[in-house]
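See below for the structure under consideration.
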Amino acid sequence: LTSKLPSSGTTIFTVMSKLAHESGAINLSQGYPDFDCNPELINLVNKHMRAGHNQYAPMAGVDMLRERISEKVNRLYGASYDPETEVTVTAGGTQAIFTAIAALVHPNDEVIVFDPAYDSYAPAVKLVGGFVKSYELSPPIYKIDWKAVRKLISAHTRMIILNTPQNPTGTTLKEEDIQELIAITRNTDILILSDEVYEHMIYDGRQHLSMARYPELQERSLICASFGKLFHNTGWKTGYCMAPATLTDEFRKVHQYQVFSVNTPVQHAIANYLADESHYEGLSAFYQAKRDFFAELMQGSRFKLLECEGSYFQTARFDRISGERDTEFARRLTTEFGVAAIPVSAFYAKGSDFGIVRFCFAKKDETLERAAEKLQKV
Ligand code: GLN
């Protein structure tokens, strides 16, 4: 059998969560909350199930949900997206990303990816016969040198994949990055796939710079978002993709054969819940407090925390502890010290290892306390 993805094993999130489970370790590896979503939301799903919303949803998503999404984006970013032709509800952010790539990248097209990158981008590009052009960002600040990016662009460049706030680094794009992006894509037909699943986790007064804020970028962007991140229910696997109608047409051609449509009662429930802004307005403050709480608990440990501007991930250097490869260190941290983390080399196409691990702080305070107590002993 010839593998279509010879360089992929099982995704690091599954590997580390499994190891955490088997070792009885506190799981700060895979990114998901260890607290539940609002019971009001669960009641709403129930209500809609009882009301008979149990058959296929419209292929593009429940109308009411697409309308609420469009209103939210308009209010937050001043952009207008037609719910009828420009918003599609997906089975989570990862499906939105995969579908966008499958629908728009042709064989031999080149796609620019900023490493360390979420691990689903590159395999999706390879599966459709595209080539990944990785641009490596380095700690501690992971700044993008746009002159170097310019050199990666060729006549074959079809897409640039961006992720702000970025997983795993917790960095965010700044206004100067956006201006560079506008300049390098002007008069080209390069598309932007913008993974904005952490848009509502942005700290210290920063603003989320969505592609939707900039008309020159909006017209070439597919923006992917996640309700699992927004409402603490990653297991409901619900998200969406927004893009101009011509791009959405292509997106839906693939979406309809991948999943056809997404869980109906959940879409109705989220549509009701999303109408109240107070259900997500405080999310950045909520997670900023968790970030700060975890950092405080880690003071005096031998880990060096890097800056986290957004997302629910805190990265840390472990060079004062060990010179091992990060994969080996993360494994030992789990099995010997009882805390699971993600080795950041898993996010680099070339496996580059800077001696950094990623902790997810979307956890109860008590979980963070127990984890930090163990990490203090490392
Ligand atoms: N996005 C989450 C993370 O980076 C989890 C995604 C997944 O498990 N596929 O941990």
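Every position in the sequence shown, counted from 1, becomes a number in UniProt numbering once 3 is added.
Glycine included, each C-beta is placed from N, C-alpha and C at the ideal position.
Counting only the same chain and skipping the five closest in sequence on each side, list residues whose C-beta sits under 7 Å from that of residue i.
i: R71; result: A274, L277 and A278
i: V108; result: V114, V128, V131, G133, R161 and M162
i: M301; result: L308, A375 and L378
i: Y145; result: T172 and T174
i: S213; result: Y80, E199, E202 and I226
i: S157; result: E113
i: H159; result: N111, D112 and E113
i: Y84; result: S73, V76, V90 and M245
i: A349; result: I15 and D122
i: S287; result: H203, M204, I205 and Y206
i: N57; result: T267 and P268
i: L155; result: I115, K136 and Y138
Under 7 Å between the Cβ atoms of residue i and residue j?
i: I147; j: C227; result: no
i: A127; j: T267; result: no
i: G96; j: S229; result: yes
i: D37; j: K367; result: yes
i: F297; j: L371; result: yes
i: V48; j: A272; result: yes
i: Y124; j: I164; result: yes
i: Y283; j: L233; result: yes
i: A23; j: A292; result: no
i: I345; j: R361; result: yes
i: D295; j: R328; result: no
i: D119; j: Y260; result: In the sequence on display, residue 119 carries Pro and not Asp. No, Cβ-Cβ distance for P119 and Y260 is not below 7 Å.
i: G358; j: D322; result: yes
i: V381; j: I324; result: yes
i: V257; j: A105; result: yes
i: F254; j: Q317; result: no
i: A63; j: K240; result: no
i: A103; j: Q221; result: no
i: R69; j: P86; result: yes
i: V152; j: V135; result: no
By Cβ distance below 6 Å, which residues in the same chain neighbour residue i in space, the five residues on each side in sequence not counted?
i: Y290; result: M204 and Y315
i: N236; result: C40
i: T167; result: T175 and L176
i: R216; result: Y80
i: S26; result: T337 and T338
i: A333; result: A344, P346 and V360
i: R143; result: The question names Arg, but residue 143 in the sequence shown is Pro. Excluding residues within five positions, the ones whose Cβ falls inside 6 Å are L309.
i: Y35; result: T237
For residue i, I'd like the list of residues in its chain whose CB is within less than 8 Å of its CB, leaving aside the five on either flank, ordered along the chain.
i: P110; result: V131, G132 and G133
i: R305; result: F321, R323, I324 and V381
i: K50; result: A272
i: G326; result: G358
i: residue 397; result: Nothing in the structure corresponds to residue 397, since the chain is present only between 4 and 381.
i: E219; result: I185, T188 and R189
i: I194; result: The amino acid at residue 194 is misidentified as Ile; the sequence shows Leu. These residues qualify, in order along the chain: L107, R161, M162, I163, R223, S224, L225 and L250.
i: L44; result: F234, N236, A272, I273 and Y276
i: R209; result: T175, E312 and G313
Can you find a C-beta in chain B that's less than 7 Å from the C-beta of residue i?
i: R209; result: Judged by its chain identifiers, the structure shown contains no chain B, having just a single protein chain.
Problem set entry | the region 84-93 touching the region 178-186, judged by at least three CB pairs closer than 8 Å | no
Exercise. Taking contact to mean at least 3 C-beta pairs separated by less than 8 Å, is the region 163-176 in contact with the region 304-314?
Worked result: yes
Exercise. Which runs of the alpha helix (DSSP H), 4 residues or longer, sit entirely within the region 78-154?
Worked result: 95-107 and 124-130
For this session: For the region 210-243, list the alpha helix (DSSP H) runs that are entirely contained and at least 4 residues long, ordered along the chain.
Result: 218-221 and 230-234
For this session: For the region 7-19 and the region 241-259, state whether three or more C-beta atom pairs, one from each stretch, are separated by less than 8 Å.
Result: no
For this session: Decide yes or no for the touch test of the region 331-344 against the region 7-14: beta carbon pairs closer than 8 Å, at least 3 of them.
Result: no
Exercise. Unbroken alpha helix (DSSP H) runs of length 4 or more, entirely within the region 230-304: which are they?
Worked result: 230-234, 248-261, 267-277 and 286-301
For this session: With a floor of 4 residues, list each alpha helix (DSSP H) that falls wholly inside the region 24-83, ordered by position along the chain.
Result: 42-53 and 66-80
For this session: For the region 314-340, list the beta strand (DSSP E) runs that are entirely contained and at least 3 residues long, ordered along the chain.
Result: 316-320
For this session: Go through the region 161-201 residue by residue and report every complete run of the alpha helix (DSSP H) that reaches 4 residues or more, in order.
Result: 178-188
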